[in-house]
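Residue numbers (the numbering used here), protein chains in the order written: chain A, 225 to 565; chain B, 225 to 565.
Glycine included, C-beta positions come from ideal geometry on N, C-alpha and C.
Below is one structure, written out as structure tokens; comments come after it.
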DNA sequence: GGCATTTTCCAAAGCGCTTTGATTTTCTCC
DNA sequence: GGAGAAAATCAAAGCGCTTTGGAAAATGCC
């Protein structure tokens, strides 16, 4: 059932039917209801490809997921982000396109996306420091919203981000106030912007309290469980071991916990852990009492918001980009306690 | 730069240029190379919407992710599956479309997808027992491949699945051979087909060894960490506690491990755990020596294979559907040991 | 060289929709 | 009742591509 058939069935022109369906005013209410009813009854759905071709809009948003050549990892955060965004798209009648892009051919990929015309805008995931994509996208004129920010990029652009620096400063400070002095940082890869900011926050807190920054207590890797385990195991085997860990991911924190147990130590008593928590649906941080003391910020919510931002950007381009800084909340769980002195 | 401009630039008709670009034989090699070069130089990319409209093919595959109304969870497995599939699509020049669908309006959603014409086929995720979608999709004639199977559906359809039943039978048997008799099953939601099959495997192994099935040792829930923790905590507090756990997910297994530690018990000595392992990139099961003894099957590989299957289905519809049963390998880790007697 | 093929290229129609500009119908008011 | 304005409808062009049915150019063969 296409528009032509529908209009023939109704004895109306395609123009009128199209207008009736799309809510244009130049059509009488009586025929509009008649058209709507027929469309409903005959199960008519416009062909999006044709619609897109005619209007020049794709009614779809692209999500570009960088796939590093070295790290085959898919960001575990992605599922929840998508879930949040998906709801917003569904409401607006937009589709969601996914594109995995190797960082080796990023430039080509974005130009491709632009030229193929399959999306009206894109969400940029996993920004790194001084991310080239922002300039590229601005140049080719494809609306976009960055999930995160990019230090050293001076162009204006739209983004939504967690206050990573503030959160990690606060978390570290919380540990310091509990009396910890030897605080380790198990960060994500620090070419990633979020990780870079987290380190800054951590360092700021230490500096504010006159604690010297000890590079041997800082790690930067892909945030897996094994990473947390190994790093903690090594650090806890030293003569002057850290009494607290700040982790960039619950998964890493779980690895740290494993090492803590294995070393015969007790969480919160001998070793404290504080972690960032993206509030992933399949990785709840406990229930009534959280397992880990955490800096929590729902990535799902961020996804929904990012989508809304992008949709409104597409609907009516602003000259000043919209930005949105989310604060992580510090929730006290059972993984932190006063430092033993 | 569109086809018209390109052909004017070349002083050729659109027909010839189109044919040259798409590899049709009715064009001389000399002009073909000339066209190809110009397309390259001028950065020409065909508009996919127009191409799709003209050819009737969308050059895109849809992934439909069921979102339960009760459970807001996004399957953590999804990211890796997509990563696998994405590679296959990229090679074939296909796009990937994502659609979150509430189970309340599934029927409508699939008809919608069909009518809107934005995809050439879809991958069905998370099949339940007697899944209606299979009949629906067969009826509306949209090519599809199911990731998993659906018990009680008698129509022929294409699928790729892990031998869940065999794997869990084998895993359970492994525990029995270690002397365990009180073996708990922490399964996923059993209306999901995979979970149903896993229970069958578990039960078969018990029956084969004359061990009676104890419903109080079986749970079926969304596979979170907290679920594993709570269930294990409760079971381990009984007078006759289980000596081993079979889990449907590493995340749940991690929760069980937490409960084991908290109860002052030692893994592999007092309590054994065996778990299914989807080989998720961000949740590696240890490195050289796996943390958990596990039934491993890469969901990423399954994604790549599913995509290939669907693409070949679309390229040339067969009358007999293709099916693919993957075997999980049993890898021995540090979470299992002989039962204490 | 001249005819029949074969090769190479082209004009135009069509995919299913939107939208412009024109036309018809209905309404308003003296 | 009829002129003019407003409301409702329509025919046709166009979005950027593919593809059908020919036409023109090149080639083969006697």
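Item checked: Member of 502/B, 462/B and 448/B whose CA lies at the smallest distance from the CA of residue 481/B -> 448/B
Next item on the list: Please compile the residues from chain B whose C-beta is within a distance smaller than 7 Å of the C-beta of residue 505/A.
Entry: Within chain B, the residues near residue 505/A are 296, 297 and 298.
Notebook entry, point to check: Over what stretch of residues does the alpha helix (DSSP H) that includes residue 336/B continue unbroken?
Noted result: Element bounds for residue 336/B: 330-340.
Check: Straight-line CA distance for residue 511/B to residue 445/B?
Finding: 29 Å
Note to self: Which residues does DSSP list as the beta-bridge partners of residue 290/A?
What the structure shows: Note: residue 290/A sits in a beta bridge opposite 325/A.
Item checked: Proximal chain A residues relative to residue 450/B, where beta-carbon distance stays under 9 Å -> Close partners of residue 450/B in chain A (Cβ separation under 9 Å): 508, 509, 510, 511 and 515.
Check: Using a C-beta to C-beta distance shorter than 9 Å, which residues of chain A count as neighbours of residue 560/B?
Finding: Chain A residues near residue 560/B: none, gap ~16 Å exceeds 9 Å.
Check: Is the region 338-350 of chain B in contact with the region 360-369 of chain B, if contact means three or more CB pairs nearer than 8 Å?
Finding: yes
Next item on the list: With 8 Å as the C-beta to C-beta threshold (strictly closer), list the residues of the region 322-356 of chain B near chain A in chain order.
Entry: 322, 323, 324, 335, 336, 339, 340, 341 and 342
Notebook entry, point to check: Where in the region 512-555 of chain A do unbroken runs of the alpha helix (DSSP H), each at least 4 residues long, occur, reported from the N-terminal end onward?
Noted result: You should have 523-539.
Next item on the list: Go ahead and label residue 526/A buried or exposed: buried means 16 or more other beta carbons lie within 10 angstroms of its beta carbon, across all protein chains shown.
Entry: buried
Checklist line | When 232/B, 492/B, 372/B and 328/B are compared against residue 403/B, the one with the closest alpha-carbon | finding: 492/B
Notebook entry, point to check: I think residue 263/A touches residue 230/A, with their Cβ atoms under 8 Å apart; what is that distance to the nearest whole Å?
Noted result: 6 Å
Check: What is the DSSP secondary structure of residue 283/B, counted as helix, strand or coil?
Finding: coil
Margin query: Just checking: is the beta-carbon of residue 443/A within a distance shorter than 7 Å of some beta-carbon in chain B?
Written below: For residue 443/A, the answer is no, since every Cβ of chain B falls outside 7 Å of its Cβ.
Notebook entry, point to check: Whole-angstrom Cβ separation of residue 519/A and residue 563/A, contact assumed at under 8 Å?
Noted result: At roughly 19 Å, the Cβ-Cβ gap does not stay under 8 Å, so residue 519/A and residue 563/A are not in contact.
Notebook entry, point to check: Between the C-alpha atoms of residue 494/B and residue 374/B, what's the straight-line distance to the nearest angstrom?
Noted result: 37 Å
Margin query: On the CB-based measure, 16 or more other CB atoms within 10 Å of its CB, does residue 299/B come out buried or exposed?
Written below: Residue 299/B should be labelled buried.
Note to self: Can you tell me whether residue 561/A is buried or exposed? The criterion is at least 16 other CB atoms within 10 Å of its CB, across all chains shown.
What the structure shows: buried
Check: Is the region 450-465 of chain B touching the region 415-435 of chain B, taking contact as three or more C-beta pairs under 8 Å?
Finding: no
Note to self: My output table needs one value for residue 273/B: the three-state DSSP class, helix, strand or coil.
What the structure shows: helix
Checklist line | Residue environment, residue 513/B, which counts as buried when at least 16 other CB atoms sit within 10 Å | finding: exposed
Next item on the list: Could you tell me the distance, in whole angstroms, from the CA atom of residue 439/B to the CA atom of residue 483/A?
Entry: Those two C-alpha atoms are separated by around 34 Å.
Checklist line | Cut-off 6 Å between Cβ atoms - residues of its own chain near residue 327/B, not counting five sequence neighbours on either side | finding: 290 and 292
Notebook entry, point to check: Along chain A, in chain order, which residues have C-beta atoms closer than 8 Å to that of residue 418/B?
Noted result: Correct list: empty, because the minimum Cβ distance to chain A is about 15 Å.
Check: Mind checking whether residue 388/B and residue 421/B have CB atoms under 7 Å apart?
Finding: yes
Margin query: For a test of the three-state rule: what should DSSP assign to residue 224/A, helix, strand or coil?
Written below: Nothing can be reported for residue 224/A: it is not among the residues displayed for chain A, which extend from 225 to 565.
Check: Quick one: is residue 479/A buried, meaning 16 or more other Cβ sit within 10 Å of its Cβ, or exposed?
Finding: buried
Margin query: By the three-class DSSP mapping on this structure, what secondary structure does residue 231/A have?
Written below: helix
Margin query: Any beta carbon from chain B within less than 7 Å of residue 269/A's own beta carbon?
Written below: yes
Checklist line | Buried or exposed by the 16-neighbour rule on C-beta atoms within 10 Å, applied to residue 248/A | finding: exposed
Note to self: Would residue 273/B and residue 227/A qualify as a contact pair, given that the criterion is a beta-carbon distance under 7 Å?
What the structure shows: The answer is no: Cβ separation not under 7 Å.
Note to self: Using a Cβ-Cβ distance cut-off of 7 Å, determine whether residue 526/B contacts chain A.
What the structure shows: Residue 526/B has a beta carbon lying at 7 Å or more from every beta carbon in chain A.
Item checked: DSSP beta-bridge partners of residue 499/B -> Looking at the DSSP assignment, residue 499/B forms a beta bridge with 471/B and 518/B.
Checklist line | Beta-carbon contacts of residue 521/A that lie in its chain and below 6 Å, excluding the five residues immediately before and after | finding: Listed in chain order, the non-local C-beta contacts of residue 521/A below 6 Å within the same chain comprise 386, 550 and 552, local neighbours out to five positions each way being set aside.
Notebook entry, point to check: Say the cut is 6 Å; is the CB of residue 555/B nearer than that to a heavy atom of the ligand FAD?
Noted result: Absent from the structure shown: the ligand FAD. Ligands present: none.
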